[in-house]
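Residue numbers (my numbering): 472 to 870.
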Ligand SMILES: Cc1cc2nc3c(=O)[nH]c(=O)nc-3n(C[C@H](O)[C@H](O)[C@H](O)COP(=O)(O)OP(=O)(O)OC[C@H]3O[C@@H](n4cnc5c(N)ncnc54)[C@H](O)[C@@H]3O)c2cc1C
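Dropping the structure here:
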């Protein structure tokens, strides 16, 4: 640990790994510090949705390219969604090729469940616009659900069938990014980060196993980012939002083809299991899975997929989304600390955002800038007293 790295990245979730890979790929020396094996936290337990950009400003097929020119002038969320969606398509073969890991980037038709007139109105308003922009969206009536699976119980106002959605296995993606960073020369250090001190010429990350010295440091600690930066005297508004997910073993029978999305998401993934996600609660860092969440998820499934009523659970997981007061991620210099940057706040979309964020963060740090090319993500955009929302916010929709 006597080397001086160009960059030290604290946190090996998908945000830290993606940034570390981009930095290492450019030939910089990079140390990645994490207290746990890759994929132990949310990055290894997400549902793994990568959605097309579904917003009311998504109006032009060029935006799916996600490059600087086609997203210029868009609001922050739409720009980020376009950049993220296209980064997944652009980088997939490189990540799989370098890592040798197939992370199951699979296309799935989504049926948005429309329980009431209001939801039907919203989707009928946007369907033509999204279709024209390249994301085919078709409104269907309850009777049409049988076209997709004749076992389904359709909601009263039918659904919106939306193309262009993908899923990944988030644990495999995280491990693939780890392999990519490693193949590009990054060093992985298993240690708890305790603090960072800045000294003339570099910064020192103090860890449970000793100091790691680097010219520049990235704090990418997911939901722990706020607590850690507090130790450095900097307030960064990131809070844990607990998310529980069930993986159910379906009875013998045909597999469910589309991804169903309403109050929650249901999708049968390559492992054959029925993934049901997710709850959102504010319970600090208590990671105990609860019976209440399991019941809530199962009841929502049975309303549409009654054949799942008695399906045993292969897994019931609980982990923490990093949430910000406005639900968008953050990236930028940490206060007035010249050598330290921070990125976090992926909330319910960190898997989708991580590749675009990694590129943007690496570019910002290499060029010694305060913020990324995706405008509006500065960590200091919140008032000093900004806190987590009191009521759970719905994490499962890009709208
Ligand atoms: C139930 C659920 C479903 C989800 N579904 C989706 C989805 O479908 N699509 C999507 O895009 N996103 C989804 N997400 C969101 C996504 O999982 C997160 O936004 C993303 O994984 C956050 O990545 P991260 O790298 O910021 O944080 P994390 O994955 O939490 O990584 C933070 C890392 O920091 C390390 N760490 C913390 N403190 C220290 C310390 N002091 N020293 C050293 N290491 C430390 C931890 O060990 C961890 O490895 C979901 C999340 C949940 C909970």
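By construction, the Cβ of each residue, glycine as well, lies at the ideal position given by its N, Cα and C atoms. Values in this document were obtained by computation on a predicted structure and should not be read as measured data.
My output table needs one value for residue i: the three-state DSSP class, helix, strand or coil.
i           : result
residue 504 : strand
residue 696 : helix
residue 514 : helix
residue 737 : strand
residue 499 : coil
residue 807 : coil
residue 777 : helix
residue 579 : coil
residue 850 : helix
residue 480 : strand
residue 859 : coil
residue 870 : At residue 870 the pLDDT is 42, less than 50, meaning the model places this residue with poor confidence; the figure from the coordinates comes in the next sentence. Three-state DSSP puts residue 870 in coil, outside helix and strand.
residue 529 : coil
residue 793 : strand
residue 486 : helix
residue 769 : helix
Please report the straight-line C-alpha distance between residue i and residue j, rounded to a whole angstrom.
i           : j           : result
residue 667 : residue 522 : 36 Å
residue 849 : residue 826 : 18 Å
residue 524 : residue 606 : 9 Å
residue 704 : residue 516 : 31 Å
residue 529 : residue 681 : 48 Å
residue 695 : residue 712 : 11 Å
residue 511 : residue 614 : 43 Å
residue 829 : residue 487 : 7 Å
residue 766 : residue 760 : 11 Å
residue 574 : residue 746 : 16 Å
residue 579 : residue 738 : 9 Å
residue 622 : residue 831 : 44 Å
residue 758 : residue 770 : 22 Å
residue 654 : residue 568 : 11 Å
residue 534 : residue 643 : 28 Å
residue 802 : residue 494 : 15 Å
Looking at the unbroken alpha helix (DSSP H) that takes in residue i, where does it start and where does it end?
i           : result
residue 715 : Unbroken run through residue 715 is the beta strand (DSSP E), 710 to 719; no alpha helix (DSSP H).
residue 601 : 588 to 603
residue 542 : 539 to 542
residue 560 : 547 to 570
residue 822 : 821 to 837
Throw me the rounded Cβ distance for the residue i and residue j pair, which I believe falls under 8 Å.
i           : j           : result
residue 810 : residue 686 : 7 Å
residue 788 : residue 719 : The pair is not a contact, with the Cβ atoms about 12 Å apart (cut-off 8 Å).
residue 641 : residue 822 : 5 Å
residue 684 : residue 805 : Their Cβ separation, rounded to whole angstroms, is 17 Å, which puts residue 684 and residue 805 out of contact at 8 Å.
Taking residue i as part of the beta strand (DSSP E), name the residues at either end of that continuous run.
i           : result
residue 630 : 630 to 633
Checklist entry - Does the stretch 812 to 825 touch the stretch 537 to 545, meaning 3 or more C-beta pairs lie closer than 8 Å? => result Cβ pair count under 8 Å is below three, so no.
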